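What follows is a short report on a single structure.
There are 2 protein chains.
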Amino acid sequence: MPRISDSTIHRLSRYYRTLKYMHDKGSQTISSNILAQQNDVTAAQVRKDLSCFGAFGRRGLGYDIVDLKRNIARIMGLDRTWKVALCGVGNIGRALIDYDQFRVQGFQITVAFDSDPGKIGKVIHGVVIRNEANLERDVRDEKVEIGVVSVPVSSAQSIVDRLVAGGVRGILNFAPINIKVPKNVFVRNENMAIEIEALSFALTNPKMVQY
Amino acid sequence: MPRISDSTIHRLSRYYRTLKYMHDKGSQTISSNILAQQNDVTAAQVRKDLSCFGAFGRRGLGYDIVDLKRNIARIMGLDRTWKVALCGVGNIGRALIDYDQFRVQGFQITVAFDSDPGKIGKVIHGVVIRNEANLERDVRDEKVEIGVVSVPVSSAQSIVDRLVAGGVRGILNFAPINIKVPKNVFVRNENMAIEIEALSFALTNPKMVQY
DNA sequence: CCATCCTTGTTATATTTGTAACAAGGGATT
DNA sequence: AATCCCTTGTTACAAATATAACAAGGATGG
Chain A
7 MPRISDSTIH
17 RLSRYYRTLK
27 YMHDKGSQTI
37 SSNILAQQND
47 VTAAQVRKDL
57 SCFGAFGRRG
67 LGYDIVDLKR
77 NIARIMGLDR
87 TWKVALCGVG
97 NIGRALIDYD
107 QFRVQGFQIT
117 VAFDSDPGKI
127 GKVIHGVVIR
137 NEANLERDVR
147 DEKVEIGVVS
157 VPVSSAQSIV
167 DRLVAGGVRG
177 ILNFAPINIK
187 VPKNVFVRNE
197 NMAIEIEALS
207 FALTNPKMVQ
217 Y
Chain B
7 MPRISDSTIH
17 RLSRYYRTLK
27 YMHDKGSQTI
37 SSNILAQQND
47 VTAAQVRKDL
57 SCFGAFGRRG
67 LGYDIVDLKR
77 NIARIMGLDR
87 TWKVALCGVG
97 NIGRALIDYD
107 QFRVQGFQIT
117 VAFDSDPGKI
127 GKVIHGVVIR
137 NEANLERDVR
147 DEKVEIGVVS
157 VPVSSAQSIV
167 DRLVAGGVRG
177 ILNFAPINIK
187 VPKNVFVRNE
197 NMAIEIEALS
207 FALTNPKMVQ
217 Y
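These protein sequence lines are chains A and B, in that order. Last residue of the first sequence? That's 217 in my numbering, and every number before it is there in order. Last residue of the second sequence? That's 217 in my numbering, and every number before it is there in order.
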């Protein structure tokens, strides 16, 4: 089985977004060239990314938007819903419960946890905040597949361990720390500070980065 | 002037975080090996990343934590404060106004805008929500250097244009769209949906990604 | 039906990025 | 002071990634 690079996966997400946009605009087909322009990559890159998974286009004509969109959705597992548990209902956590980009793509935050007794039992955007004490059990009972971690650094690793104990196989980690997981669990880190720091670097050393 | 890769910049941020952590723990020095382990990279990678900017270690001994930390801060422009304007006080925007990881690193959100008359004038975490109508003027008056964009896709490009018109040279974009800026402006995109979609891909095609 | 113009999928090439190897610096120990 | 053990900085090498080139498929127009 061929390995797919992180970069390719990220680009697929972006192509997918472009396809949704073009579909809404009423377009029927799209060429690798246009798809490339919309995403600041080369046409060759687009074609090579797609060729990892099959041949979806028609020579001389381009790609059928609806068809390619459906294919990418299938490849990326976006043609279904995912049960997601949110851990840590702080500023970030609250924002994520109601994040359109999650919901519209089928990531359903149906379970939320916090350790603060003052928050437990409250309802945020239709989701009841549960007691963290029962995390493993609840996660298992609710058949949660993905865990979103937005707790402080100090408790991130232990929450991750408990999510894994509850059967979660994918974790989106917002805590700025390098968490450890068993070999069969996937982690993606989302550290917003890192991006703004990259901006700080670029502004400080404009000659060292390509505009 | 040598070009520094995106990956290197991201890793520097992470090394920096590790150094802060180790410093708080009371350590004096650290080896490339330890720094590597803490960040899931090789020791050679750490040394090469650092060597882009100078020779900060002592052979046989490792790196002085305080010294290296200070050097990375200087390199990345983290030894100062940055004036930041936030555009769009929705769920994400509200969370960012009070985001520790920004504040602790000197990114000061002192100005916030929204187009909703119902929000204008309100104070969130000590920041007054201003009328978007005066964005260019306010941004210029307040000497804002970085703009954070958390508005809907439909208005993202126009807000970016106006930030640039106000003199902003760095933009952190949360809108899931590929915005265009003049050559001398830097953009970093933060799309949380892309990361969870990568997770969806990994869970759907476990054989295609390295655990 | 032939010629022309597009656009894909794939292979070959170039570039970038990461890893390994090692000489040289430096402290500790006897 | 000589030896031993570490650890860096750098150079050489390997792997991964991106770009370019092109043959082949397919539409269109005369």
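Ideal placement from N, C-alpha and C gives every residue a C-beta, glycine not left out. What you are looking at is a predicted structure, and each value in this text was computed from that prediction instead of being measured.
- Put simply, the CB of residue 16 (chain B) is near chain A, with a gap under 8 Å to one of its CB atoms.
- For residue 68 (chain B), the closest Cβ of chain A is not nearer than 8 Å.
- Residue 38 (chain B) and residue 82 (chain B) have their alpha carbons spaced roughly 19 Å apart.
- In the three-state reduction of the DSSP assignment, residue 152 (chain A) falls in the strand class.
- Only buried fits residue 120 (chain A), as 16 or more other CB atoms lie within 10 angstroms of its CB.
- Along the region 45 to 67 of chain B, going in chain order, the ones with a CB nearer than 8 Å to a CB of chain A are 45, 46.
- Not a single CB atom of chain B sits nearer than 8 Å to the CB of residue 143 (chain A).
- Using beta-carbon distances, residue 107 (chain A) counts as an interface residue toward chain B, with a partner under 8 Å.
- Boundaries of the alpha helix (DSSP H) around residue 25 (chain A): 12 to 31.
- Taking one beta carbon from each stretch, the region 72 to 82 of chain B and the region 122 to 136 of chain B have fewer than 3 pairs nearer than 8 Å; the two do not touch.
- Secondary structure within the region 89 to 146 of chain A: the alpha helix (DSSP H) runs of 4 or more consecutive residues, fully enclosed, are 97 to 103, 106 to 109 (chain order).
- Within a 10 Å sphere around the beta-carbon of residue 90 (chain A) sit 16 or more other beta-carbons, which makes this residue buried.
- For chain B, the residues of the region 169 to 195 of chain A that bring a beta carbon within less than 7 Å of one of its beta carbons are 175, 176, 178, 182, 184, 189, 190, 192, 194, in chain order.
- Two segments are said to touch when three or more pairs of C-beta atoms, one from each, lie closer than 8 Å; by this definition the region 170 to 177 of chain B does not touch the region 196 to 210 of chain B.
- Listed along chain A are 82, 83, 84, 86, 88, 111, 112, 113, 152, 176, each with a C-beta nearer than 9 Å to that of residue 206 (chain B).
- Taking the beta carbon of residue 213 (chain B) as reference, the chain A residues within 7 Å of it are 7, listed in sequence order.
- With a contact defined as Cβ atoms closer than 8 Å, residue 152 (chain A) and residue 113 (chain A) qualify at about 7 Å.
- Bounds of the beta strand (DSSP E) holding residue 195 (chain B) are 192 to 195.
- Distance from the CA atom of residue 17 (chain A) to the CA atom of residue 67 (chain B), rounded to whole angstroms, is 42 Å.
- When the Cα atoms are used, residue 33 (chain A) and residue 71 (chain A) turn out to be separated by approximately 7 Å.
- Assigned with DSSP and collapsed to three states, residue 87 (chain A) falls in coil, not helix or strand.
- The beta carbon of residue 77 (chain A) sits no closer than 8 Å to any beta carbon of chain B.
- Burial check for residue 63 (chain A): the Cβ neighbour count within 10 Å reaches 16 or more, so the residue is buried.
- For the C-beta of residue 198 (chain B), the chain A residues within less than 9 Å are, from N- to C-terminus, 102, 105, 107, 108, 178, 180, 196, 198.
- By the rule that beta-carbons nearer than 8 Å mark a contact, residue 74 (chain B) does not touch chain A.
- Interface residue (Cβ-Cβ distance to chain B less than 8 Å): residue 116 (chain A) is not classified as such.
- Partner residues in the beta bridge of residue 178 (chain A), as assigned by DSSP, are A:154, A:194.
- Neighbours of residue 23 (chain A) in chain B, taken as residues whose beta carbon is under 7 Å from its own, are 182 in chain order.
- The alpha-carbon separation between residue 13 (chain B) and residue 26 (chain B) amounts to approximately 20 Å.
- Under the DSSP assignment, residue 70 (chain B) falls in the beta strand (DSSP E) whose first and last residues are 68 to 70.
- Below the 9 Å Cβ cutoff, chain B contributes 207, 211, 214, 215 as neighbours of residue 10 (chain A), in chain order.
- Annotation: the continuous alpha helix (DSSP H) that includes residue 42 (chain B) extends over 38 to 43.
- Taking a Cβ-Cβ cut-off of 8 Å, the neighbours of residue 201 (chain B) in chain A comprise 178, 194, 195, 196, given in sequence order.
- Contact of residue 98 (chain A) with chain B is assigned, a C-beta pair being separated by under 8 Å.
- At a beta-carbon threshold of 7 Å, none of the residues of chain B lie near residue 121 (chain A); the nearest stands roughly 17 Å away.
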